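Data block below; observations after.
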Amino acid sequence: MLKNLLKKNLPINEYKSLITEINELESKYKLLTDNEIQLKSVQLQKQYKASSNLTNLLVESFALTREASFRTLGLRHYDVQLLGGLVLNSGKIAEMRTGEGKTLVATLPAYLNALTKKGVHIVTVNDYLASRDQLSMGQVYRFLGLTTGLIQENMETRERQKNYDADITYVTNSELGFDYLRDNMALNINEVVLRPFNYCIIDEVDSVLIDEAQTPLIISNSVQTSIEKYVIAAEIVDYLEVNLHFKVDEKNKNVILTKNGTIQIESILGITDLYNPNDPWIPFIINALKANTLFFRNVHYIVQNDQIIIVDEFTGRIMPDRRWSDGLHQAIEAKEQVTIRQNNETAASVTYQNFFLLYPKLSGMTGTAKTAEIEFEKIYNLSVVEIPTARPNLRKDLPDLIYKDELSKWTAIAKECEKISEKTQPILVGTTSVEKSEMLGQLLNEYNLTYQILNAKPENVRRESEIIAQAGTQKSITIATNMAGRGTDIILGGNIKFKTLKYLYTILVSYNPQTELTKNATRFSLTNKLKGVSHKFISVLVSLLQNSTFKRLSDIEILKLLNETDQLRVPTNYYEQSLKFLIKEFEKFEKKTQDIDNTIVKNLGGLYIIGTERNDSRRIDNQLRGRCARQGDPGTSQFFLSLEDRLLRLFGGPKIQDFLKNQFLEDIPIESELLTKSLDSAQQRLEELTYESRKNLFEYDEILNKQRKVIYFERRKILESVSVQKKLLADGEQIITEILTKFEKKQLEFSQVISRLENLFGRNFNVLTNFQNNLSNFDILEMKIYLFQEFWLCYEMKVLELEVRHLGIIRALERTLILIYIDTEWKEHLQKMALLRDAVGWRSYGQRNPLFEYKDEAYEFFKKRAQITRHLVIYDLLRSSII
1 MLKNLLKKNL PINEYKSLIT EINELESKYK LLTDNEIQLK SVQLQKQYKA SSNLTNLLVE
61 SFALTREASF RTLGLRHYDV QLLGGLVLNS GKIAEMRTGE GKTLVATLPA YLNALTKKGV
121 HIVTVNDYLA SRDQLSMGQV YRFLGLTTGL IQENMETRER QKNYDADITY VTNSELGFDY
181 LRDNMALNIN EVVLRPFNYC IIDEVDSVLI DEAQTPLIIS NSVQTSIEKY VIAAEIVDYL
241 EVNLHFKVDE KNKNVILTKN GTIQIESILG ITDLYNPNDP WIPFIINALK ANTLFFRNVH
301 YIVQNDQIII VDEFTGRIMP DRRWSDGLHQ AIEAKEQVTI RQNNETAASV TYQNFFLLYP
361 KLSGMTGTAK TAEIEFEKIY NLSVVEIPTA RPNLRKDLPD LIYKDELSKW TAIAKECEKI
421 SEKTQPILVG TTSVEKSEML GQLLNEYNLT YQILNAKPEN VRRESEIIAQ AGTQKSITIA
481 TNMAGRGTDI ILGGNIKFKT LKYLYTILVS YNPQTELTKN ATRFSLTNKL KGVSHKFISV
541 LVSLLQNSTF KRLSDIEILK LLNETDQLRV PTNYYEQSLK FLIKEFEKFE KKTQDIDNTI
601 VKNLGGLYII GTERNDSRRI DNQLRGRCAR QGDPGTSQFF LSLEDRLLRL FGGPKIQDFL
661 KNQFLEDIPI ESELLTKSLD SAQQRLEELT YESRKNLFEY DEILNKQRKV IYFERRKILE
721 SVSVQKKLLA DGEQIITEIL TKFEKKQLEF SQVISRLENL FGRNFNVLTN FQNNLSNFDI
781 LEMKIYLFQE FWLCYEMKVL ELEVRHLGII RALERTLILI YIDTEWKEHL QKMALLRDAV
841 GWRSYGQRNP LFEYKDEAYE FFKKRAQITR HLVIYDLLRS SII
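According to full-length UniProt numbering, the sequence shown holds residues 1 to 883 in order.
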């Protein structure tokens with residue numbers, strides 16, 4: 001098998017000998033007892049401690065993890081999964097198709113790198129996947145003597161610290177990023193949750209490092225917002241006409257106001273200058289226009305609980321904690337007439353690019369990375385390795401069908417669903433927005449077809465795993481917005497695990513506690529309801545239902561208990577033992593039916609994928625196709641397109657449009673090689689545009705990132721230090737030196753020097769009158785020494801004054817003052833940098849490089865920030881008092 005897998009894959013032949021060595025150890029480790037396996041794990045930890053070399057432990061650790069996985073989960077790593085683990089451990093991206101077991105693959109490098117005791121982070125795209133993977137894969141790690149952690153939203157600081165201190169921590173990309181930013185805003189070392197970074201594995205790496213990398217992570221504070229202006233701007237838009245008063249640049253998501261538009265708006269508002277810096281209206285108008293022409297309800301956002309909730313265009317999920325910046329979110333709130341919330345100012349930010357580059361060792365896995373290989377190489381220094389499938393891929397990708405308009409296309413999709421559904425073959429339809437998924441649902445109603453919808457609406461999100469898990473059952477039609485990172489396999493014939501848990505939950509809830517039946521009555525009722533199950537199954541179920549403590553459990557507690565028990569290898573209490581037995585027995589009972597259903601669906605051709613539109617990226621299309629034909633199953637994919645689709649409309653070009661319109665005969669689609677090439681070219685151009693956008697964001701943020709590293713390093717030193725006295729004295733001396741340097745260069749008069757020193761240090765700064773009169777006769781060095789001494793004396797007097805009133809307060813006060821002013825000035829610096837970035841963009845018209853201009857001025861801003869921070873800290877400290 002190994003030979004066949006590797007002979008045609010030259011880039012991965014380097015791992016062939018390692019896989020052979022791991023396989024040779026398998027028979028040896030099978031003979032070991034559980035205790036001996038665990039002892040072997042302890043020995044590996046000791047070996048690393050002695051040698052600090054992970055390479056020498058690779059073969060043994062992988063073989064040990066494989067054996068531990070088989071004993072705890074009943075899952076044995078295939079050779080291709082070993083290969084995936086080796087690629088991840090090499091600091092590369094493993095491209096593995098959907099259903100090839102990426103979650104299990106991650107256990108191999110995670111265990112090896114966790115032997116260092118420096119921590120391993122496994123990053124997923126949502127809380128559900130993090131929780132699921134930690135619960136299931138955590139059994140492997142715990143069996144081998146390692147600890148696991150899980151980070152979820154709304155966790156307290158202490159809980160986060162405990163989970164990050166574990167050997168292996170499962171966490172979402174956003175939680176991890178925000179924890180990093182919060183750590184670097186902490187005023188006390190006890191509030192810091194993260195350890196120094198060591199090794200990171202990113203699941204759905206293209207979704208995190210490419211799709212989500214277009215927007216930086218931002219922690220912001222509310223600022224006073226002119227609500228009235230947003231409302232007025234939203235009303236003004238109704239009096240403006242497209243192409244006359246403004247133009248819409250749909251490609252670049254921008255709006256350009258014309259001269260006529262400016263005159264019209266100024267006339268309506270009764271003002272003379274729309275761009276008046278003292279009372280600016282232009283940002284409110286532009287945002288209002290964008291909100292009305294570029295951002296649409298049930299496409300880019302949904303309205304829920306009097307709030308605008310953003311929909312992630314790549315995953316189709318809602319993002320309740322995110323808001324558009326620069327007033328755009330408020331403009332959309334005004335448009336939808338919901339409560340307008342306060343605007344925000346940035347307190348801390350980081351791009352995903354620069355954040356994940358902080359890890360000394362980084363790797364990732366996904367089913368679709370090859371199309372973005374260049375970006376991974378250039379920005380993250382991550383190469384992509386394609387991992388062959390364990391079984392041959394049997395998917396049929398049919399040629400795209402192109403229709404002349406949207407109506408013809410959607411009618412054809414509905415008819416295709418009806419035709420395929422008659423054969424009882426399962427169908428998965430991928431749409432690009434909430435609006436289109438619901439429109440298709442209404443269309444299918446006219447054909448009397450039953451379906452399930454999975455989109456960003458809360459009522460559908462709650463059932464996400466169940467909907468996806470059962471998308472492979474006969475006759476099922478599932479409509480889903482984008483399929484990235486769903487994390488649940490579509491098993492042909494249905495997912496027996498979900499079916500079992502759902503059925504058991506229904507029984508446990510229906511008999512608990514409102515149905516007060518006798519033991520015999522309960523047994524009789526269940527026997528009639530569950531025909532064919534064993535007597536022991538009925539006995540255990542009746543015993544559990546009659547348990548007085550179990551009867552007191554709520555429906556939610558029962559559901560949680562069921563899910564957790566399902567993941568456990570060794571149950572520890574009565575409930576877990578009973579539920580584990582019931583789950584296993586019911587799975588055996590259902591397995592026969594499921595095997596038959598699986599075979600039937602395979603014979604029907606497997607899952608039928610329908611794409612309703614080409615996405616902006618080929619990766620998103622491939623993610624949809626990849627949901628079928630898993631692990632050697634059959635499957636078919638077919639895309640339905642129209643000339644009115646966004647991609648063709650914006651990037652197809654007028655010649656292509658005109659040529660194709662003449663090819664259509666009524667509602668008959670065409671298969672055109674020219675159009676396919678045009679679509680591929682359009683996707684490629686759009687990918688290049690978005691890549692350039694991300695690259696541009698990265699290049700600008702790289703300059704800011706160097707400054708960020710300096711600030712965060714400085715903050716951490718202050719947080720960890722026992723005393724900051726030396727820094728304060730150095731700051732005071734530097735201020736004096738800067739003032740005297742300007743005096744020496746004749747940039748300041750002597751009276752100005754005295755005025756600045758007294759203004760900064762206050763009247764406590766005793767510059768002797770006699771010395772002042774003769775100061776001009778002394779050289780700079782003597783002046784500096786004298787002023788240093790006066791400053792030291794002034795500082796010591798303040799320390800004594802505060803310590804007399806409250807012992808030990810000065811150290812805490814000094815540290816807090818420094819941190820507060822570092823944060824305040826850094827926040828203002830970020831705002832200046834944002835304005836600077838906007839400003840330098842215009843300098844390209846003067847044949848100057850905006851990036852170079854940004855870099856030079858950013859450095860000057862940064863120097864100025866440090867100078868202001870020093871002044872503020874010393875000024876405040878020397879004037880502080882305890883009342």
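Ideal Cβ positions, reconstructed from N, Cα and C, are used throughout, including at glycine.
As the structure is a prediction and not an experimental result, all values here were calculated from the model.
Cβ atoms of Gly149 and Ala166 come within 8 Å of each other, at about 3 Å.
Per DSSP, the continuous alpha helix (DSSP H) segment holding Ile600 begins and ends at 574 to 604. Taking Tyr15 as the centre and dropping the five residues before and after it, the same chain places the C-beta of Leu83, Leu86 closer than 7 Å to its C-beta, in chain order.
In the displayed model, Tyr164 falls within a helix according to three-state DSSP. Across the structure, Asn243 and Leu257 are spaced so that their CA atoms are roughly 9 Å apart.
Between Leu760 and Glu814, the gap from beta carbon to beta carbon reaches 8 Å or more. For Ser222, the enclosing beta strand (DSSP E) stretches over residues 217 to 223.
Tyr78 counts as buried, since at least 16 other C-beta atoms from the protein chains shown sit within 10 angstroms of its C-beta.
Under a 10 Å Cβ-count criterion, Met797 is classified as exposed, with fewer than 16 other Cβ atoms of the shown protein chains found around its own Cβ. Residue state for Gln307 is assigned as strand, using DSSP reduced to three classes. In the three-state DSSP reduction, Thr431 falls in the strand class (E or B). When secondary structure is reduced to three states using DSSP, Lys247 falls in the strand class. Just measuring C-alpha positions, the residue of Ile310, Asn254, Gln307, Val303 sitting nearest Ala288 is Asn254.
With a contact defined as Cβ atoms closer than 8 Å, Val303 and Glu336 qualify at about 6 Å. Taking 8 Å as the cut-off, the beta carbon of Val59 is found closer than this to the beta carbon of Leu18. Secondary structure remark: continuous beta strand (DSSP E) runs of at least 3 residues inside the segment 44 to 109, in chain order: 93 to 95. Per DSSP, Pro850 is one residue of the alpha helix (DSSP H) stretching across 850 to 879. Nearest in C-alpha terms to Leu187, of all of Tyr712, Gln725, Arg756, is Tyr712. Under a 10 Å Cβ-count criterion, Asn190 is classified as exposed, with fewer than 16 other Cβ atoms of the shown protein chains found around its own Cβ.
Phe750 counts as exposed, since fewer than 16 other beta carbons sit within 10 angstroms of its beta carbon. Assigned with DSSP and collapsed to three states, Lys746 falls in coil, not helix or strand. When Cβ pairs closer than 8 Å are counted between the two stretches, the segment 35 to 47 is seen to touch the segment 62 to 78, the count reaching three or more. Per DSSP, the beta-bridge partners of Lys396 are Thr636. Contact annotation, Leu328 with Lys290: C-beta distance approximately 6 Å; criterion of less than 8 Å satisfied. Nearest neighbour of Thr432 by Cα position, chosen from Arg395, Asn482, Glu406, Arg463, turns out to be Asn482.
The C-alpha of Pro360 is placed about 24 Å away from the C-alpha of Tyr691. Here the alpha carbons of Ser534 and Phe550 stand approximately 22 Å from one another. Taking a cut-off of 8 Å on C-beta distances, the segment 197 to 206 does not touch the segment 817 to 829, as fewer than three cross pairs fall below it.
Spanning the alpha carbons of Thr500 and Ser207 requires a straight line of approximately 31 Å. Here Met365 carries a strand assignment [DSSP, helix/strand/coil]. Taking the Cα of Ile538 as reference, the smallest distance to any Cα among Val350, Ser578, Ile820 is reached at Ser578. Ala629 and Ile556 have their C-alpha atoms roughly 35 Å apart.
For Leu508, the enclosing alpha helix (DSSP H) covers residues 496 to 510. For His121, the uninterrupted beta strand (DSSP E) segment begins and ends at 120 to 124.
Taking the CA atoms as reference points, Val722 sits about 20 Å from Asp823.
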